[in-house]
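Enquirer:
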Amino acid sequence: MNNLQAINFANKILKVNKIKSHSLDSELILAKTLNSTRESLLINLNKKLKKKKFNKFKKLILRRKKNEPVAQILKSKEFWKSSFFIDENVLIPRPETEIIIEQFLKFTSKNSTKHILDVGTGSGCIIISILKERINCYGTALDISKKAINIAKYNAKMHHLQNKIKFINIDIDKFNHNKYDFIVSNPPYIKNIDMKRLEDGVRLFEPHLALNAGLDGLTIIKKLILKSKLLLKKNGKIIIEIGENQKYTTMKLLQINGFYINNVCRDYQTKPRVLVATKTF
Ligand code: GLN
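Each position in the sequence shown, counted from 1, maps to that position plus 1 in our numbering.
1. Under 6 angstroms from any heavy atom of the ligand GLN, by CB: list those residues in chain order, please.
2. What's the C-alpha gap between I30 and K16?
3. Taking buried to mean at least 16 other C-beta atoms within 10 Å of its own C-beta, is Y261 buried or exposed?
4. Less than 6 angstroms between C-beta atoms, sequence neighbours within five positions excluded: which residues of the same chain meet that for L254?
5. Cα-Cα, which of V265, P188, E97, L25 is closest to A142?
6. Measure how close the beta-carbons of G237 and D174 come, nearest whole angstrom, since I'm counting them as under 8 angstroms.
7. When you compare the segment 125–141 with the segment 98–116, are there three or more beta-carbon pairs, one atom per stretch, that lie closer than 8 angstroms?
8. With 16 as the cutoff for other CB atoms within 10 Å, does G125 come out buried or exposed?
9. One question on the structure: do P94 and K82 come within less than 7 angstroms of each other, judged by their Cβ atoms?
10. On the three-pair Cβ rule with 8 angstroms, is the segment 196–205 touching the segment 241–255?
11. Throw me the rounded Cβ distance for the H23 and N9 pair, which I believe falls under 8 angstroms.
12. In this structure, does DSSP put F260 in helix, strand or coil?
13. Quick check on the DSSP output: the alpha helix (DSSP H) that includes T220 runs from which residue to which?
14. If we count the other Cβ atoms within 10 Å of its Cβ and call it buried at 16 or more, is R267 buried or exposed?
15. Using C-beta distances below 6 angstroms, list every residue in its chain close to K53, excluding the 5 sequence neighbours before and after it, in chain order.
So, in C-alpha cells, the structure goes:
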C-alpha cells in the first residue's frame, strides 16, 4: 500500500461517518503518523507505507471516526502564529479567541512593559501569543485545573517564555496579588442547558470545566468582572471573550462596576465575541 491508497482508505471511512473535513483530516493524521508534514506527504503520495505505520494510522483514523477532534489526535493546534501542545485537559484554541490578541496589540505599543493577568489560561495560548508579540511585557496565568497549568507551563517552555510567565493553579476567587495593566480571559460561558446541544466532538471530548458556566452561562464572567475591579490598576483594561447573547448583560455589568467600554468586536460569523473595557477609577 502507498500513501495515496492509505489516504483514500481513511477518507472513505470518515466520509461514511459524516466527518465533514474527511480529506484534510486523513492527510493530517497520516502526516502525523509519519512524523512528517502534510506538505511533504502530498509530494510523496506514491511512496510505500509500511504495514506497521498503516496499522498505527488506522488506529488514529478510528478515533477520528468516533468524533475525537483532530487537534487531540495530533496533540497540537495552531493559534495566532504558533503551535500549541494540547490534550483532553485543555480547551482546543479557537480562531475567534485570536481577537483577544489583536485587541491587545491594538491597545499597546511594540515596546510597552505591561503586566498581564490571564485568567483560565488553559493551554496558555493567549498569554504566550501576547508575550511573543510584546517582548517587554510579562505575565501571570491562572487556572483552576492543575493539569491545564502543567500544559500551559510546557507550552511556555516550548516557546522560551518560561521565565516571563508565572503560572498559578488557583481559583480567581482566592487570588489577591498585585495590580495588573491588563486582564485577558476566555472564560467558560456556556449555559447548563446548552451543554448537551454542543456538537459531539466538543461535548464528548473537551473539558466541561473550560466550557460550562452555570444556569445563565455568566457566573464566571460575573466573578471575573468583580474581581477585575480589585486586580486592575486605574486605567487598566480587561479584554474578555463572551458567548452568544451575552453582550448586553456583560456590557451592563462592566458599566455598573465603573468600566468604560472601548470596543465590542465581532467574530467571523459577525457575532459579538470580545469586549474591551477600561477601569476608570
Ligand atoms: N484561555 C484558554 C483558551 O482560550 C482556555 C479557555 C478556557 O478553558 N475556557 O483557549
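No residue lacks a Cβ here, since even glycine has one placed at the ideal position from N, Cα and C.
Expert: Here's the rundown:
1. So the residues near the ligand GLN by this Cβ test are L92, P94, T98, G121, T122, G123, S124, C126, I127, N187, P188, P189, A211.
2. Straight-line Cα distance between these residues: approximately 15 angstroms.
3. By the C-beta density criterion, Y261 is exposed, having fewer than 16 other C-beta atoms within 10 angstroms.
4. Counting only Cβ-Cβ distances below 6 angstroms, and skipping sequence neighbours, we find I226.
5. Considering only alpha carbons, the answer is P188.
6. Going by Cβ atoms, the distance from G237 to D174 rounds to 19 angstroms, so no, they are not a contact pair.
7. At 8 angstroms Cβ cutoff, the stretches touch.
8. Per the 10 Å Cβ criterion, buried.
9. Not in contact: P94 and K82 (Cβ atoms no closer than 7 angstroms).
10. With the cut-off at 8 angstroms, the segment 196–205 and the segment 241–255 do not touch.
11. Their Cβ separation, rounded to whole angstroms, is 11 angstroms, which puts H23 and N9 out of contact at 8 angstroms.
12. DSSP places F260 in strand when its eight states are reduced to three.
13. That run of the alpha helix (DSSP H) goes 220–232.
14. Residue burial is scored here from C-beta neighbours: R267 has fewer than 16 other C-beta atoms within 10 angstroms and is therefore classed as exposed.
15. Cβ within range, chain order: n/a, list empty.
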